[in-house]
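Engineer: Structure below; questions to follow.
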């Protein structure tokens, strides 16, 4: 996507222009407004949605007021160490330090100043986090979070323009962004100038060519992502001389109800459930790598697996938004016996019975799990049983534009572009170069933490 020379004049000019109205873009708008800047958010779709709306609405942060109120002792240094351990040290520690330090102030600020009611989700544990630090609004889903953010943006006085697709960026020879072209659904367009631009257009999971280029092993696989995640921010950044990193990184997810393609909550597995193939056999340590499990599932026959749990776990988590969705479309099956569940799901009954017997022995401590999972403290499965057919998919990418401690985009020479900021999926994440470095809720942590830094930084720069 080429960078264009500016037109003779712009139809309007704003101090801070934000492309994208997901969690990152709207958080950036709130931060910029708090810093005293006028803001215009441009959103391609008819409503703010994006990848955020497809998420569980959860971000990780360490040392928040919500954690302290819940009696949870956590600190950004512990969070930092957890991330660096998960990625085997293969990421930029200075960048991770910035994100892990600024995440808690972001949660506290959104809660106290903008009415986003974050609480600690104590049902999530492990999977890279040594402390319970996932924060979510009450319903724990992305559409709810988008609703809260939209209301906050309106209260803050930021302008939001929907059906407004940023198709071109204007800049001078020094890489200073001067404005953008906005194209409407009917083909009409307008040119809007700005003092600073925040790119919050997510990643490139919906761009097959970019996947082939940067993540060739995932070329052609099933994706579960927002259709407009086509790498616009990366393309503009590269044209301006920006640095990118970890372009091979992504989050996979292995618990999408099939064929309904609905997110299903992984708490059932964390609390003691298992995943099996149609042959009734387990194929992985289900809690070793929540992102990598998506790839594990995709590698099974037909890319299909089955999550197996029981009525007790169902009762524990039936209030969850994802469970209610799955129940509404009859995706979850129940049976009094393992044979009955096998028939309902189309699984080999003899093998499933053998798997459940082995699981009973493992949880009782009479044998070790050959797949290496530690079931200590998990619920022992017992009839009646429940299960759901699931598939895996590429969820969202984790590579992107390299940014500094203010979320300002860096050039390949180590300097920064004069007035360009990025966050969320548009920016390089903290997951390292693969899918296995992803730590739960890092996506929205990156979106809202970098969004806050970008909005504040853009507002400061726009005043100069």
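Residue numbers (the working numbering): 1424 to 1887. Beta carbons are placed, not taken as given, at the ideal position from N, Cα and C, and that holds for glycine. The structure presented is a predicted model; accordingly, all values stated were derived computationally and were not measured.
Kindly provide the ranges of any alpha helix (DSSP H) runs that are 4 or more residues long and lie completely inside the segment 1595-1643, ordered along the chain.
Structural biologist: Listed in chain order, they are 1631-1637.
Engineer: Determine the direct distance from the alpha carbon of residue 1444 to that of residue 1564, and round the result to whole angstroms.
Structural biologist: Taking the straight line joining both Cα atoms gives about 17 angstroms.
Engineer: Please give me, in chain order, every unbroken run of the alpha helix (DSSP H) with length at least 4 that falls completely inside the segment 1651-1697.
Structural biologist: With a minimum length of 4 residues, the continuous alpha helix (DSSP H) runs that stay inside the segment 1651-1697 are 1655-1662 and 1690-1693.
Engineer: Give me the Cα-Cα distance between residue 1878 and residue 1453, rounded to the nearest whole angstrom.
Structural biologist: Roughly 7 angstroms between the two C-alpha positions.
Engineer: Starting from residue 1411, trace the beta strand (DSSP E) in both directions and tell me its first and last residue.
Structural biologist: What the structure shows of the chain is the stretch from 1424 to 1887, and residue 1411 is not part of that stretch, so it cannot be assessed.
Engineer: Could you tell me if residue 1381 is buried or exposed, where buried requires 16 or more neighbouring beta carbons within 10 angstroms of its beta carbon?
Structural biologist: It is not possible to answer for residue 1381, since the shown part of the chain is limited to 1424 through 1887.
Engineer: Quick check on this structure: which residue in 1821, 1840 and 1841 has the alpha carbon closest to the alpha carbon of residue 1869?
Structural biologist: Selected option, being the one with the closest Cα: 1821.
Engineer: Buried or exposed for residue 1508, please, with buried defined as at least 16 other CB atoms from any protein chain shown within 10 angstroms of its CB.
Structural biologist: Exposed, since its Cβ has fewer than 16 Cβ neighbours within 10 Å.
Engineer: Take residue 1884 and list the residues in its own chain whose beta-carbon comes closer than 6 angstroms to its own, dropping the five residues that flank it on each side.
Structural biologist: If we look at residue 1884 and ignore the five residues flanking it on each side, its Cβ neighbours are 1619 and 1842.
Engineer: Taking contact to mean 3 or more Cβ pairs, one atom from each stretch, closer than 8 angstroms, check whether the segment 1798-1818 and the segment 1672-1691 are in contact.
Structural biologist: With a cut-off of 8 angstroms, the segment 1672-1691 and the segment 1798-1818 count as touching, because enough Cβ pairs lie within range.
Engineer: Applying the 10 Å Cβ sphere with the 16-neighbour rule, what's the burial state of residue 1797?
Structural biologist: Per the 10 Å Cβ criterion, exposed.
Engineer: So, at 7 angstroms on beta carbons, what are the nonlocal neighbours of residue 1638 in its own chain, with the 5 sequence-adjacent residues on each side left out?
Structural biologist: Once the five neighbours on either side are set aside, the close Cβ partners of residue 1638 are 1671 and 1673.
Engineer: Flag this pair as touching only if the segment 1584-1591 and the segment 1451-1471 have three or more C-beta atom pairs under 8 angstroms; answer yes or no.
Structural biologist: Short answer: they touch.
Engineer: Under 9 angstroms, do residue 1610 and residue 1578 count as touching if we go by C-beta distance?
Structural biologist: Going by C-beta atoms, residue 1610 is not nearer than 9 angstroms to residue 1578.
Engineer: Please list, in chain order, all residues of the same chain as residue 1376 whose beta carbon is under 6 angstroms from its beta carbon, the five residues on each side excluded.
Structural biologist: A query on residue 1376 cannot be resolved here, the shown segment of the chain reaching from 1424 to 1887 and no further.
Engineer: When the Cβ atoms of the segment 1467-1484 are set against those of the segment 1515-1534, are three or more pairs found closer than 8 angstroms?
Structural biologist: Yes, they touch.
Engineer: Are the CB atoms of residue 1889 and residue 1654 nearer to each other than 9 angstroms?
Structural biologist: Residue 1889 lies beyond the residue range present for the chain, which begins at 1424 and ends at 1887; the question has no answer from this structure.
Engineer: So the beta strand (DSSP E) residue 1841 belongs to, where does it begin and stop?
Structural biologist: Start and end: 1839-1845.
Engineer: Residue 1591 by DSSP, collapsed to three states: which one?
Structural biologist: Reduced to three states, the DSSP call for residue 1591 is strand.
Engineer: Go through its chain and collect everything with a Cβ distance to residue 1852's Cβ below 6 angstroms, but skip five positions before and after it.
Structural biologist: Excluding residues within five positions, the ones whose Cβ falls inside 6 angstroms are 1821 and 1869.
Engineer: With DSSP as the reference, please indicate the residues paired to residue 1483 in a beta bridge.
Structural biologist: DSSP lists 1557 as partners of residue 1483.
Engineer: Note down, in chain order, each residue of its chain lying with its Cβ closer than 7 angstroms to the Cβ of residue 1740, except the 5 sequence neighbours on either side.
Structural biologist: Around residue 1740: 1688, 1690, 1691 and 1746.
Engineer: Which residues share a DSSP beta bridge with residue 1809?
Structural biologist: Paired residue(s): 1732 and 1757.
Engineer: Quick check: the segment 1657-1664 against the segment 1823-1843, are there 3 or more CB pairs under 8 angstroms?
Structural biologist: Output reads yes: the segment 1823-1843 touches the segment 1657-1664.
Engineer: If you measure between the beta carbons of residue 1721 and residue 1644, is that distance less than 9 angstroms?
Structural biologist: Cβ atoms of residue 1721 and residue 1644: closer than 9 angstroms.
Engineer: Excluding the five sequence neighbours on either side, which residues of its own chain have a C-beta within less than 8 angstroms of the C-beta of residue 1784, listed in chain order?
Structural biologist: Taken in chain order, the residues that qualify are 1790.
Engineer: Report the CB separation of residue 1560 from residue 1568 in whole angstroms; it is logged as a contact under 8 angstroms.
Structural biologist: Right, the Cβ-Cβ distance comes to about 6 angstroms (below 8 angstroms), so this counts as a contact.
Engineer: Which residue spans inside the segment 1449-1525 form an unbroken beta strand (DSSP E) run of at least 3?
Structural biologist: Counting only runs of 3 or more, we get 1462-1465.
Engineer: Just to confirm the assignment, what range does the alpha helix (DSSP H) spanning residue 1748 have?
Structural biologist: Residue 1748 -> alpha helix (DSSP H) spans 1744-1751.
Engineer: At what residues does the alpha helix (DSSP H) containing residue 1718 begin and finish?
Structural biologist: Its alpha helix (DSSP H) spans residues 1715-1721.
Engineer: Check the C-beta distance from residue 1656 over to residue 1435 and give it rounded, since I have them as a contact under 8 angstroms.
Structural biologist: Contact doesn't hold; Cβ gap of about 22 angstroms is too wide.
Engineer: Under 8 angstroms by Cβ, that's how I've got residue 1794 and residue 1830 pegged, so tell me the actual separation to the nearest angstrom.
Structural biologist: Not confirmed; about 40 angstroms, so no contact.
Engineer: Spatial neighbours of residue 1768 within its chain, please: CB distance less than 7 angstroms, with the 5 preceding and 5 following residues excluded, ordered by chain position.
Structural biologist: Taken in chain order, the residues that qualify are 1729, 1756, 1810 and 1812.
Engineer: Just the C-alpha distance for residue 1516 and residue 1500, rounded to the nearest angstrom, thanks.
Structural biologist: Distance between the alpha carbons of residue 1516 and residue 1500: 12 angstroms.
Engineer: Check whether the Cβ atoms of residue 1847 and residue 1448 sit closer than 9 angstroms, and answer yes or no.
Structural biologist: Cβ distance < 9 angstroms, so residue 1847 and residue 1448 count as in contact.
Engineer: Specify the secondary structure class of residue 1833 as computed by DSSP and reduced to three states.
Structural biologist: Looking at residue 1833 - three-state DSSP - the assignment turns out to be strand.
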